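These notes are about the structure you will find just below.
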Amino acid sequence: MIRRTCGILATILLTGATLSAQTAPRPLVIYFVDVEGGQATLIKTPVGEAFLIDAGFPGGGGTFQSTPGAPESARDAQRILAAARDAGLTQIDHLMLTHYHADHSGGVMELSQLLPIRHFIDHSAPSAEAEVVVPGTQALYEAYIALRAKGTHTEPKPGDHLAIKGLDVVVVSSAGEVLTAPLDGAGAANPACISGGVPAQEKTENPRSTGIRLQYGKFRFLDIGDLSGPPQYALTCPRNLIGEADVYLIAHHGGADGADPALFAAVKPRVAVFDNGSRKGGQAPTFATIAQMPGIDGWQLHRSLNRDVINLPEERIANLDDSTSAWIKVTAQADGSFSVTNGRTGQTKAYPR
Ligand SMILES: [Zn+2]
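Here is the structure:
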């Protein structure tokens, strides 16, 4: 009798625990994976799916000259896999490639051998000039489209919403085009605009980057890949078409063409992330822009060794040199509060509502 009562009690307790686990709102988790100055941003959605934006460099060396090889020794694909394991993810439900440069699309082939990829989102193809400026782009693209053909494929236009459960993800730029009308609640004139903005460092494929604004409840994240030059300018000048965001992955790894103060003034991020390498991205003008804007915490994947850079405090730098590969992790709640964890130190900074 006693044993039976205990059994019933255990069942009730277990049911209660299961119910509270089901009803408790789950966070959105974003891993900024260290791919040495490329991009690989792994998002675990509140319903437990994986949304990966870019896949880092190819090969063991992980440079623009590297080619895809064995997945066991693929530097960046292995780092994405480690983040996926940390998050409890076993496949990539949605992969978006912002554009077709090796530091963003290069790791896809190797990653696909480590984790199945179901849904591909991109802007179709690189322009004809892309191969001239960055040799190797076309070969990576041709390998990718063979892989893409095995899953579902979406080529969204600016203003389209991506079909990702539990999130509102709107495309703000793609294939050189940007929004033509403001998103809900946006559209105010931006007095910080300086005529023409900042010229793009690379003028063929970067300005064609597919960019998104992701919303979970009241929390917003902006990722525009390497969007630079006139399309970047058009997002927030002369009117702010995209509104504000809590976390902003700085365009083009925080290079000088991501430094336009007008964009930061419009978006008003509380956290701005440099997905830089020790000598790639993360240039002095962008650090200077952030330093002069109150209320923005910069976070860096790497301490920058570039000329004239004044690095941020060490607690907001994930990797002090190239001997480590720590991530930056953002955990966001639907009420708009979030926290940022430095993967090197394990320390977390809270950003209340
Ligand atoms: Zn890039």
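Using our numbering, the first residue of the sequence shown is number 772, and each one after it goes up by one. Quick reminder that beta carbons are idealized off the backbone N, C-alpha and C, glycines included. Please read these numbers as outputs of a predicted model, since none were measured by experiment.
message: Would residue 874 and residue 810 qualify as a contact pair, given that the criterion is a beta-carbon distance under 8 Å?
response: If you check the CB distance, residue 874 and residue 810 come in under 8 Å.
query: Which residues share a DSSP beta bridge with residue 1090?
result: For residue 1090, the pairing in a beta bridge is given by DSSP as 1073.
- prompt: What is the DSSP secondary structure of residue 944, reduced to helix, strand or coil?
  reply: Looking at residue 944 - three-state DSSP - the assignment turns out to be strand.
message: I need the boundaries of the alpha helix (DSSP H) containing residue 875, first residue and last residue.
response: Looking at the DSSP string, the run of the alpha helix (DSSP H) that includes residue 875 is 873-876.
message: Under 7 Å: does the beta carbon of residue 874 sit that close to some heavy atom of ligand 1?
response: Yes, ligand 1 has a heavy atom inside 7 Å of this Cβ.
task: State whether the stretch 985-992 contacts the stretch 1087-1105, with contact taken as three or more CB pairs (one from each stretch) at a distance under 8 Å.
output: Yes, the stretch 985-992 is in contact with the stretch 1087-1105.
Length-filtered (4 minimum) alpha helix (DSSP H) runs lying within the stretch 812-886: Positions of the alpha helix (DSSP H) runs, each at least 4 residues long and wholly inside the stretch 812-886, are given as 846-858, 873-876 and 879-885 in order along the chain.
query: Do the stretch 995-1008 and the stretch 1114-1122 make contact, defined as three or more Cβ pairs closer than 8 Å?
result: With a cut-off of 8 Å, the stretch 1114-1122 and the stretch 995-1008 do not count as touching, because too few Cβ pairs lie within range.
message: Helix, strand or coil, according to DSSP, for residue 1007 in the structure here?
response: In the structure shown, residue 1007 falls within a helical segment according to DSSP collapsed to helix, strand and coil.
query: Is the distance from the Cβ of residue 1013 to the Cβ of residue 1038 below 8 Å?
result: Contact flag set, yes.
Per DSSP, cross-strand counterpart(s) of residue 994: DSSP output for residue 994 lists 983 and 1020 as bridge partner(s).
query: Regarding residue 997 and ligand 1, is the C-beta to nearest heavy atom distance less than 7 Å?
result: Residue side-chain check: residue 997 places its Cβ nearer than 7 Å to a non-hydrogen atom of ligand 1.
query: Going by DSSP, what residues sit across from residue 1046 in a beta bridge?
result: The partner list for residue 1046 (beta bridge, DSSP) is empty, contrary to what the question assumes.
message: Would the stretch 915-935 count as touching the stretch 956-965 if we require 3 or more Cβ pairs under 8 Å?
response: No, they do not touch.
Residues near residue 1124 by beta carbon distance below 6 Å, same chain, minus five either side: Excluding residues within five positions, the ones whose Cβ falls inside 6 Å are 1106, 1107 and 1108.
message: Considering only their Cβ atoms, is the gap separating residue 839 from residue 896 smaller than 8 Å?
response: When the beta-carbon positions are compared, residue 896 and residue 839 stay at least 8 Å from each other.
- request: Please list, in chain order, all residues of the same chain as residue 850 whose beta carbon is under 6 Å from its beta carbon, the five residues on each side excluded.
  value: Taking residue 850 as the centre and dropping the five residues before and after it, the same chain places the C-beta of 804 and 1096 closer than 6 Å to its C-beta, in chain order.
query: Terminal residues of the continuous beta strand (DSSP E) containing residue 1101?
result: Element bounds for residue 1101: 1099-1103.
query: Under three-state DSSP, which class holds residue 804?
result: Secondary structure of residue 804 (DSSP, three-state): coil.
query: Counting pairs of beta carbons, one from the stretch 809-825 and one from the stretch 920-940, are three or more of them closer than 8 Å?
result: At 8 Å Cβ cutoff, the stretches touch.
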